[in-house]
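Student: Let me begin by handing over the structure; questions about it come next.
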Amino acid sequence: MAGLDDDAMMEEFVKQFEEFAGAQDMDSIVETMMQQLLSKEILHEPMKDIVEKYPKWLEENKSKISKEEYERYNNQLELMMKLNEVYEKEPENMAKIFEIMQNMQECGQPPSDLVQDIAPDLDLSKLGQL
Numbered sequence: 001m002a003g004l005d006d007d008a009m010m011e012e013f014v015k016q017f018e019e020f021a022g023a024q025d026m027d028s029i030v031e032t033m034m035q036q037l038l039s040k041e042i043l044h045e046p047m048k049d050i051v052e053k054y055p056k057w058l059e060e061n062k063s064k065i066s067k068e069e070y071e072r073y074n075n076q077l078e079l080m081m082k083l084n085e086v087y088e089k090e091p092e093n094m095a096k097i098f099e100i101m102q103n104m105q106e107c108g109q110p111p112s113d114l115v116q117d118i119a120p121d122l123d124l125s126k127l128g129q130l
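If you read the sequence shown in the UniProt record's numbering, its first letter stands for residue 1, the second for the next number, and so on.
Given below as structure tokens:
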């Protein structure tokens, strides 16, 4: 592809992607990506660390946040605990993992200082949107 201009390179990329997508069901490609992103290998350790430190964070910050935020964070902690349980007992149950992740997304972001201390590169905001 040396010597091709940007438009030609993009056209070639799109053509190759369409051939690939045509060879495989697009839903299965997305499903495979989701399974990899939400897999135990990627998320379990950071989630275990967050669950371990979350109760202390809640206790220390209860007076600094609203009652609604406290309840939301507490609900989020419970969902993270459920997720860890699924990772430990049924790591292949992607439907359950995805459902819990969607419910976690509805709770909003966990406290940024908590997540940054444990997993500075982990961005939970994107996972529920996939």
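C-beta atoms are modelled at their ideal positions from N, C-alpha and C, and glycine is treated no differently.
Remember, predicted model here, so these are calculated numbers, not experimental data.
Using three-state DSSP, classify Leu-38 as helix, strand or coil.
Tutor: Leu-38: coil per DSSP, three-state reduction.
Student: Which one of Asp-113, Asn-74, Val-14 and Glu-88 has the shortest CA to CA distance from Glu-106?
Tutor: Out of Asp-113, Asn-74, Val-14 and Glu-88, Asn-74 has the C-alpha closest to the C-alpha of Glu-106.
Student: Mind checking Ile-9: buried by the 16 CB within 10 Å criterion, or exposed?
Tutor: Looking at the sequence itself, residue 9 is Met, so the reference to Ile does not match. When all chains shown are included, Met-9 counts as exposed.
Student: Are Ile-50 and Pro-110 closer than 8 Å when you measure CB to CB?
Tutor: Yes.
Student: Where in the region 45-130 do unbroken runs of the alpha helix (DSSP H), each at least 4 residues long, occur, reported from the N-terminal end onward?
Tutor: DSSP runs (the alpha helix (DSSP H)) wholly in the region 45-130: 67-89, 94-106 and 112-118.
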